[in-house]
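For the sequence shown, counting from 1, position 8 maps to 8 in full-length UniProt numbering; every step adds exactly one. All C-beta atoms in this analysis are idealised placements derived from N, C-alpha and C, irrespective of residue type, glycine included. Written out below as structure tokens is the structure these notes cover.
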Amino acid sequence: MPYQQSGDQPVNVARAAYLILDRSCARWTPTFRVVPYNVQDVQREFLSSDMPHARWLTAEWGPDQSEPGMASRPFL
Numbered sequence: 001m002p003y004q005q006s007g008d009q010p011v012n013v014a015r016a017a018y019l020i021l022d023r024s025c026a027r028w029t030p031t032f033r034v035v036p037y038n039v040q041d042v043q044r045e046f047l048s049s050d051m052p053h054a055r056w057l058t059a060e061w062g063p064d065q066s067e068p069g070m071a072s073r074p075f076l
């Protein structure tokens, strides 16, 4: 999970990551993607569920503070 520092505390930033594998001519090419999401929506859903420890779990989540455009770029 990606983290960023916020003062003395690490923050679990609101970014989902996934991998796409493409096969061409017997060769695999990986493409990693990172996509930001609305952390408040996810926190609200967790907190309204019966999930144990939801408040503790969501307390360290925060918005992505990366430079604009960085989180949505593919990397490899």
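Considering only DSSP beta bridges, list what residue i is partnered with.
{"i": "residue 141", "result": "The chain is shown only over 1 to 76; residue 141 falls outside these bounds and no answer can be derived."}
Would you mind sorting residue i into buried or exposed? The rule is 16 or more other CB atoms within 10 Å of its CB.
{"i": "ALA14", "result": "buried"}
Could you name the residues of the same chain whose beta carbon sits closer than 8 Å to that of residue i, not counting the 5 residues immediately before and after it, in chain order?
{"i": "LEU57", "result": "PHE46, MET51"}
{"i": "TRP28", "result": "LEU21, ASP22"}
Going by beta carbon distance, what residues of the same chain come within less than 6 Å of residue i, once the five residues before and after it are set aside?
{"i": "THR55", "result": "First, the amino acid is wrong: residue 55 is Arg here, not Thr. Hits under 6 Å: none found."}
In terms of residue numbering, what span does the alpha helix (DSSP H) encompassing residue i cover?
{"i": "ALA54", "result": "54-58"}
{"i": "SER49", "result": "Unbroken run through SER49: none, as it is neither H nor E."}
Using a Cβ-Cβ cut-off of 7 Å (strictly less than) and excluding sequence neighbours within five positions of residue i, which residues of its own chain qualify?
{"i": "TYR37", "result": "ALA14, ALA16"}
{"i": "ARG43", "result": "Checking the sequence, you will find Gln at residue 43 rather than Arg. So the qualifying residues of the chain are THR58, TRP61."}
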